[in-house]
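Residue numbering for the sequence shown follows the working numbering, beginning at 35 and increasing consecutively. Here the structure is laid out as structure tokens; the discussion comes afterwards.
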Amino acid sequence: MRTLSSAVEHLVHIEGAVGSNPTVSTKLMNNKLKDFHHYKGQDLSRFEKVERRVIDLIQESKIDDSKREDSIVWEFMHASGCMQIGRLLAEKRNLDVDIASVICVLHDIYTIVNGTYKNHGPLGAQLAEKILLEIGEFTDDEIKIITDAVYHHSEKEIYSKEPYVELVKDVDVFDCSLYKNAEGFYKLHKPEAIYNEYASRIKKIREELGLSPDKVFR
Ligand SMILES: [Fe+2]
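This is how it looks when you write it as structure tokens:
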């Protein structure tokens, strides 16, 4: 039986060998395995193109942190964290993982580009639509689902019947809840009713993910 460290070594060995070893390459082809591009090159799905575009926009930002409501590092961490949590929750809820992933990575796009949260849901929906149209491979229905979710994601106190709108609201608060002192931030900067709403959403998601119900924030 392989120990954990030898298993890791084995995997590292395989990964390193894939590009150069014709035997491994042939095995990949025979097994119909598709190699992972790590977001390099042009072999990206339309969803991955959006995800890369958002990270490019973060990297290319010329707005200094002193002029941003949050740092650009935060924007990177929050966009990436939300994207992954969105994939998990979408799988749990039998929703489309790619659509959820794109909604979550785009949800704060207006803040990423402009540094402010003022009306960032509705304004972000416009930016999200522009990006989706530029990538050019999305149907009208998909664009509507994605931009509606971005538009409404700040309305945490409203519980709609739209699964992707509710998913991104849940993902947004849950990702933030995993940072130290998020509770203090919400208590200091949000009205009590909004704080309570956030806490109740986070509790619900923790339960859904099988996490301890005894705490809300980290
Ligand atoms: Fe957010």
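Using N, Cα and C, we set each Cβ at its ideal position, and we do this for glycine too.
Below 7 Å between beta carbons: does that hold for residue i and residue j?
i, j, result
"Val-184", "Leu-140", "yes"
"Ile-236", "Val-207", "yes"
"Ile-137", "Val-88", "no"
"Ile-92", "Phe-110", "yes"
"Ile-143", "Ala-162", "yes"
"Phe-251", "Ser-188", "no"
"Met-117", "Ser-135", "yes"
"Tyr-229", "Lys-238", "no"
Provide the residue span of the alpha helix (DSSP H) that contains residue i, from first to last.
i, result
"Glu-171", "Glu-171 -> no alpha helix (DSSP H), and no H or E assigned at all."
"Val-136", "131-140"
"Tyr-229", "226-242"
"Pro-247", "Where Pro-247 is concerned, there is no enclosing alpha helix (DSSP H), given that its DSSP letter is neither H nor E."
"Lys-83", "80-94"
Excluding five sequence neighbours on each side, which residues of the same chain lie with their C-beta closer than 6 Å to the C-beta of residue i?
i, result
"Glu-103", "Thr-150 and Tyr-151"
"Tyr-73", "Arg-86"
"Leu-78", "none"
Beta-carbon within less than 8 Å of residue i's beta-carbon, same chain only, minus the 5 sequence neighbours each way: which residues are those?
i, result
"Ala-26", "Because the chain spans 35 through 252 in this model, residue 26 falls outside it and cannot be assessed."
"Pro-156", "Tyr-185"
"Arg-127", "Pro-197 and Leu-201"
"Ser-246", "Arg-240"
"Tyr-193", "Glu-200"
Who are the near neighbours of residue i in its chain, counting only those whose CB is closer than 7 Å to its CB and skipping five residues on each side?
i, result
"Asp-99", "Ser-105 and Ile-106"
Under 6 Å from any heavy atom of ligand 1, by CB: list those residues in chain order, please. The set of residues with a C-beta under 6 Å from any non-hydrogen atom of ligand 1 comprises His-112, His-141, Asp-142 and Asp-206, given in chain order.
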